[in-house]
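A short write-up of the structure that comes next.
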Amino acid sequence: MSHPMKARLKRSIDTAKPYQAIAAVTTQTLAVGYWFCAGIDLIDLSGRILRQLSSTLFPCSMLTTPDGFLMVPSHMGDSIAKMNLDDKTIVFHHKVEQIKNPRGIAYAMDGSLIVVDETMRTLHLIRPNGVWLKKLWTDPGGQDADDELWLE
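Quick note: to get the working numbering, add 3 to the position in the sequence shown (first position is 1).
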């Protein structure tokens with residue numbers, strides 16, 4: 004599956020806030036968020052805040068879906084949210100029982116989502132509606148391993 008939107012940054016963007024999560028919304032706008040205090044903003048490529056998208060989600064990472072939704076693993080509440088970017092409504096925001104600490108999110112080739120569980124050191128496959136499908140991988144070192152689990 005090819006994502007219809009591709010934004011290529013040719014330079015850095017200075018922002019007024021210390022953002023940690025980013026997702027391209029259009030070729031000219033980005034959803035950016037910070038997890039230490041709830042917030043997701045929509046900014047342009049100059050770093051100017053266009054509008055606030057959320058003041059209740061604590062994003063660790065974000066993903067824009069091809070149909071225009073924002074998927075957000077939220078640090079507080081250990082949940083996954085799906086947000087409509089047009090009117091900022093939350094389509095769903097719930098915990099997935101099998102995922103303790105969602106941190107990273109990416110697309111699978113079939114349109115499902117891959118979610119990193121930082122606490123349990125596992126990768127999970129979920130449907131775009133948040134329904135858990137299966138565990139894809141577990142760190143063989145276990146929860147107490149000295150290494151880190153990264154999704155790039």
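Note that beta-carbon positions come from the ideal geometry of N, C-alpha and C, so glycine has one too.
Can you list, in chain order, the residues of its chain with a C-beta nearer than 8 Å to that of residue i? Leave out the 5 residues immediately preceding and following it.
i	result
GLY133	ILE83, LYS85, PHE95, HIS97 and VAL99
SER115	LEU128, ILE129, ARG130, PRO131 and LEU136
Could you name the residues of the same chain whose beta carbon sits closer than 6 Å to that of residue i, not counting the 5 residues immediately before and after it, in chain order?
i	result
ILE18	Inspection of the sequence shows that residue 18 is occupied by Thr rather than by Ile. If we look at THR18 and ignore the five residues flanking it on each side, its Cβ neighbours are GLY50.
TRP135	VAL99, GLN101 and ILE129
THR125	LYS138 and THR141
ILE16	GLY50
Assuming residue i contacts residue j (C-beta within less than 8 Å), just tell me the rounded distance between them.
i	j	result
GLY36	PRO62	4 Å
THR32	ASP47	6 Å
ALA111	THR67	Going by Cβ atoms, the distance from ALA111 to THR67 rounds to 15 Å, so no, they are not a contact pair.
MET123	LYS103	5 Å
Taking residue i as the reference, which of the options has the closest Cα?
i	options	result
ALA24	HIS127, LEU73, THR92 and ILE117	LEU73
ALA41	PRO131, LEU56 and THR30	LEU56
LYS20	THR29, TRP38, ALA26 and SER77	TRP38
HIS78	PRO105, SER58, TYR110 and ILE93	PRO105
ASN87	PRO76, ASP81, VAL75 and GLY71	GLY71
I need the DSSP call for residue i, collapsed to helix, strand or coil.
i	result
PHE61	coil
MET86	strand
HIS97	strand
LYS20	coil
ALA27	strand
LEU45	strand
PRO69	coil
ALA160	Residue 160 lies beyond the range of the chain shown here (4 to 155); nothing can be said about it.
Leaving out five residues on either side along the sequence, give the residues of the same chain with a beta carbon under 7 Å from the beta carbon of residue i.
i	result
SER58	ALA41 and GLY42
Sort out for me which residues DSSP pairs residue i with in a bridge.
i	result
LEU128	ILE117 and LYS137
ILE108	VAL118
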